[in-house]
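Peer 1: Each number in my numbering comes from the position in the sequence shown (counting from 1) with 12 added on. For every residue, glycine included, the Cβ atom is placed at its ideal position computed from N, Cα and C. Fair warning: this is a prediction, and the values are worked out from it, not measured in the lab.
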Amino acid sequence: MIDLAVAGGGPAGLTTALHAARAGLDAVVFEPRTGPIDKACGEGLMPGAVVALGDLGVEPEGQVLRGIRYVSGRRSVVADFRAGPGRGVRRTVLHDALRHAVRAAGVPVLSSAVHVVGQDAGGVDVDGVRARYLVAADGLHSPIRRRLGLDAPVATARRFGLRLHVRLEPWTDYVEVHWSPAAEAYVTPVGPGLVGIAVLTRERGPFDQHLGAFPALLERVAGRPVTTVLGAGPLRQRSRRRVAGRVLLVGDAAGYVDALTGEGVALGMAQARAAVAAIVAGAPAGYETSWRRLTWRYELLTRALVGATSTTAGRRAIVPAATALPRLFGAAVNALARPA
């Protein structure tokens, strides 16, 4: 019997494996995708994520981010990070850096998805592998969460994300969030001559159609795409709880509000650390309390912002309100940016 099986080889799963190895646990990762894993995300790492990666000896290359800038037409407002810089990192670069660290730590990665999970008082059977515990870090639409009956219904409007990259020298060292009546466009410098653009919206449609709602941004980036469009969603996912016997949910699999505030990677890494700590203590149920402590600021602020911008009037008011109350805007940004 090994100590820990991890389902999912994204950042949350690989971080779990690294914390397990550091704690002296015998772990294995299940991940069917063999190449670098890409994802439709904004690719801006908050300062908390940069610190957490550094603590694990992982330093992915990228662009320094000073903070967040909200933009609406000619109006804009900025909030600098107070806890140190963030970093714009191509998702595939982040995954390669984590995968290299896991390999160096001696944790095997099996090229397989998890199909069968059974558990008893003594352990978990994961596709024929016997482990004391299983961490499910298998993503937004977690099959394991669903199989365990932990999915909870979502009543709010569905939001979706689309992302591509343009070959263009970054013109800013902030994550720019451009607002329109129906969508937000997140501009993140991720490397020399490379900028990522992610669009979040409730409305279905092609990327170019959504980008047309931001004429100044469209003029700057038109004709420069270097990657294909990736999509994700619906973004809002809920779980009834994060622990089911000897199975713990980590990262997006544990539940997700929205990508609007941008700290998904930092939260997933903090949850991975907390899950391993609960396993080492032999008290997996304690992870539920840790998860709530780690996520309450994100849940509160993200839900409030999503709710406030659910109407056209609210979306038009967000940048003027942040401009009028820059200290409040800065406090909200930094409440989410600080290390967990």
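1. Per DSSP, which one or two residues make a beta bridge with D139?
2. Does DSSP put I156 in a helix, in a strand, or in coil?
3. Report back the beta-carbon spacing between R327 and T321 to the nearest angstrom; my notes put them in contact at under 8 Å.
4. Report the rounded CA-to-CA distance for I330 versus A344, giving the unit in angstroms.
5. Is V90 near R81, with beta carbons less than 8 Å apart?
6. Excluding five sequence neighbours on each side, which residues of the same chain lie with their C-beta closer than 6 Å to the C-beta of T324?
7. Is the distance from the Cβ of G20 to the Cβ of Q131 below 8 Å?
8. Tell me whether H127 sits in a helix, a strand or coil according to DSSP, three-state version.
9. I'd like to confirm the pairing. Which residues does DSSP put opposite H112 in its beta bridges?
10. How is R144 classed by DSSP in three states: helix, strand or coil?
11. CB G47 to CB A149, shorter than 8 Å?
12. Please classify G274: does DSSP put it in a helix, a strand, or coil?
13. Output yes or no for whether 8 Å exceeds the beta carbon distance between E188 and L212.
14. Under 8 Å by Cβ, that's how I've got C53 and A271 pegged, so tell me the actual separation to the nearest angstrom.
15. Measuring alpha carbon to alpha carbon, tell me which residue in V83, Y145, V241, W308 is nearest Y186.
Peer 2: Quick look at the numbers:
1. Here residue 139 refers to the residue found at position 127 when the sequence shown is read from its first residue. Per DSSP, D139 has no beta bridge partner at all.
2. Indexing the sequence shown from 1 puts residue 156 at position 144. Of the three classes helix, strand and coil, the one that applies to I156 here is helix, per DSSP.
3. As a working mapping, residue 327 is identified with position 315 in the sequence shown. As a working mapping, residue 321 is identified with position 309 in the sequence shown. Distance from R327 to T321 at the Cβ level is roughly 5 Å; contact confirmed, criterion being Cβ atoms closer than 8 Å.
4. If you number the sequence shown from 1, residue 330 lands on position 318. If you number the sequence shown from 1, residue 344 lands on position 332. Across the structure, I330 and A344 are spaced so that their CA atoms are roughly 13 Å apart.
5. Locating residue 90 in the sequence shown gives position 78, counting from the first residue. Locating residue 81 in the sequence shown gives position 69, counting from the first residue. Yes; because the gap between Cβ atoms is below 8 Å, this pair is in contact.
6. Stepping through the sequence shown from its first residue, residue 324 is reached at position 312. So the qualifying residues of the chain are P193.
7. As a working note, residue 20 is residue 8 in the sequence shown. As a working note, residue 131 is residue 119 in the sequence shown. The criterion of a C-beta distance shorter than 8 Å is not satisfied by G20 and Q131.
8. Position 115 of the sequence shown, counted from the first residue, corresponds to residue 127. In this structure, H127 counts as coil in the three-state DSSP scheme.
9. Here residue 112 refers to the residue found at position 100 of the sequence shown. Bridge partners of H112: none, in fact.
10. As a working mapping, residue 144 is identified with position 132 in the sequence shown. Of the three classes helix, strand and coil, the one that applies to R144 here is strand, per DSSP.
11. Reading the sequence shown from its first residue, position 35 is the one you call residue 47. Reading the sequence shown from its first residue, position 137 is the one you call residue 149. It is not a contact, given that the beta carbons lie outside the stated cut-off.
12. Here the question's residue 274 lines up with position 262 in the sequence shown. In the structure shown, G274 sits in coil (DSSP, three-state: anything other than H, G, I, E or B).
13. On the sequence shown, position 176 is the one that residue 188 refers to. On the sequence shown, position 200 is the one that residue 212 refers to. Cβ distance not < 8 Å, so E188 and L212 don't count as in contact.
14. One-based indexing of the sequence shown puts residue 53 at position 41. One-based indexing of the sequence shown puts residue 271 at position 259. Right, their Cβ atoms sit about 7 Å apart.
15. By 1-based counting over the sequence shown, the position of residue 186 is 174. Y186 has its Cα closest to that of V83, out of V83, Y145, V241, W308.
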